[in-house]
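**Student:** Take this structure, written in structure tokens, and hold onto it; I'll ask about it next.
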Amino acid sequence: MTGSKEYIINFGSLPFGEHEFEYQIDSAFFKQFDNSIIQDGDVGVLVVLEKKETMLLLDFTMEGTVNVECDRCLGELILPIESYDELIVKFGEAKEDDDDDNENVILLPIKSYELDVAQYIYEFITLQMPLRNVHDEEENGQTCDPEVLKEMEKHLIKDENPPTDPRWEGLKGLNLN
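Taken in order, the sequence shown gives residues 16 to 192; the numbers are from the numbering used here.
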């Protein structure tokens, strides 16, 4: 990812208390990330940063849509995104016996004064996507390209009686009752 200063929050100069930062995520944002599965998008992000004496609490609220490639027909698929995520930023040095497995807690050096939230926004958006991105009339009101499906049908192997593995032949006569 090539950094963009737009997503860097300079918390060092902020007073204690809550501060809001708004971002509008589009295709330029997703192009910053190598091999991004998201091609385009229109996502509104509100980051509420609460600065405390020993830590930062960040709340990410996101709503919008992202454009990805359908896993079946490779056509454009528009997915809704709606998310609320939290991130806790602590200050200090990492210790060997620290086994904090909470992914929403990060540790910054004590002298840090800024935080780039772009990677966290990208990860939170990506985590909202389903495992399989396909057009589904019932779920997302979109359908696959019929020409692509027709071409795929031509190349499917349709074997009504697949060959049986000979190792299973001995079990056919076995009666368990």
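Built from N, CA and C at the ideal position, the CB exists for glycine as well. Quick caveat, the model's predicted, so the values are computed rather than measured.
DSSP three-state label for Phe-139, please.
**Tutor:** Along the sequence shown, read from residue 1 onward, the residue named residue 139 stands at position 124. Residue state, collapsed to three classes: helix.
**Student:** Between Pro-124 and Val-63, what straight-line distance do the alpha-carbon atoms span, to the nearest angstrom?
**Tutor:** Indexing the sequence shown from 1 puts residue 124 at position 109. Indexing the sequence shown from 1 puts residue 63 at position 48. Answer to the nearest angstrom: the Cα atoms are 21 Å apart.
**Student:** Report yes or no: do three or more beta-carbon pairs, one from the stretch 96–109 and one from the stretch 155–164, lie closer than 8 Å?
**Tutor:** no
**Student:** Which same chain residues, not among the five before or five after Cys-88, have their C-beta less than 6 Å away from its C-beta?
**Tutor:** Within the sequence shown, numbered from 1, the residue matching residue 88 stands at position 73. Around Cys-88: Cys-159, Asp-160, Val-163.
**Student:** If you run the structure through DSSP and keep just helix, strand and coil, what is Pro-124?
**Tutor:** Numbered from its first residue, the sequence shown carries residue 124 at position 109. Pro-124: coil per DSSP, three-state reduction.
**Student:** Identify, in the order they occur along the chain, each residue of the same chain with its Cβ nearer than 6 Å to the Cβ of Gln-54, setting aside the five sequence neighbours on each side.
**Tutor:** Within the sequence shown, numbered from 1, the residue matching residue 54 stands at position 39. Excluding residues within five positions, the ones whose Cβ falls inside 6 Å are Asn-82.
**Student:** The alpha helix (DSSP H) with Pro-161 in it runs from where to where?
**Tutor:** On the sequence shown, residue 161 is found 146 positions in, with the first residue counted as 1. Taken as a continuous stretch (DSSP letters only), the alpha helix (DSSP H) holding Pro-161 covers 161–170.
**Student:** Going by DSSP, what residue range makes up the beta strand (DSSP E) through Phe-75?
**Tutor:** Taking the sequence shown and counting its residues from 1, one reaches residue 75 at position 60. It spans 70–84 - the beta strand (DSSP E) in which Phe-75 sits, taken as one unbroken run.
**Student:** Helix or strand or just coil, what does DSSP make of Gly-185?
**Tutor:** Position 170 of the sequence shown holds residue 185. Correct three-state label for Gly-185: helix.
**Student:** For Phe-36, which three-state DSSP category applies?
**Tutor:** The sequence position of residue 36 within the sequence shown is 21, counting from 1. Looking at Phe-36 - three-state DSSP - the assignment turns out to be strand.
**Student:** Is Lys-173 helix, strand or coil by DSSP?
**Tutor:** Locating residue 173 in the sequence shown gives position 158, where the first residue counts as 1. Here Lys-173 sits in coil by DSSP.
**Student:** Mind checking whether Ile-121 and Leu-142 have CB atoms under 8 Å apart?
**Tutor:** Taking the sequence shown and counting its residues from 1, one reaches residue 121 at position 106. Taking the sequence shown and counting its residues from 1, one reaches residue 142 at position 127. Their beta carbons are not under 8 Å apart, which means Ile-121 does not touch Leu-142 by this criterion.
**Student:** Could you compute how far the alpha carbon of Pro-145 sits from the alpha carbon of Leu-92?
**Tutor:** Position 130 of the sequence shown, counting from 1, holds the residue named residue 145. Position 77 of the sequence shown, counting from 1, holds the residue named residue 92. When rounded, the distance between both Cα atoms is 12 Å.
**Student:** Mind the definition here: the stretch 26–36 touches the stretch 61–79 only if three or more C-beta pairs lie below 8 Å; say whether that holds.
**Tutor:** Yes: at least three Cβ pairs fall under 8 Å.
**Student:** Can you list, in chain order, the residues of its chain with a C-beta nearer than 6 Å to that of Asn-25? Leave out the 5 residues immediately preceding and following it.
**Tutor:** Here residue 25 corresponds to residue number 10 of the sequence shown, with the count starting at 1. Non-local beta-carbon contacts of Asn-25 in its own chain, meaning distances under 6 Å to residues more than five positions away in sequence, involve Glu-129 in chain order.
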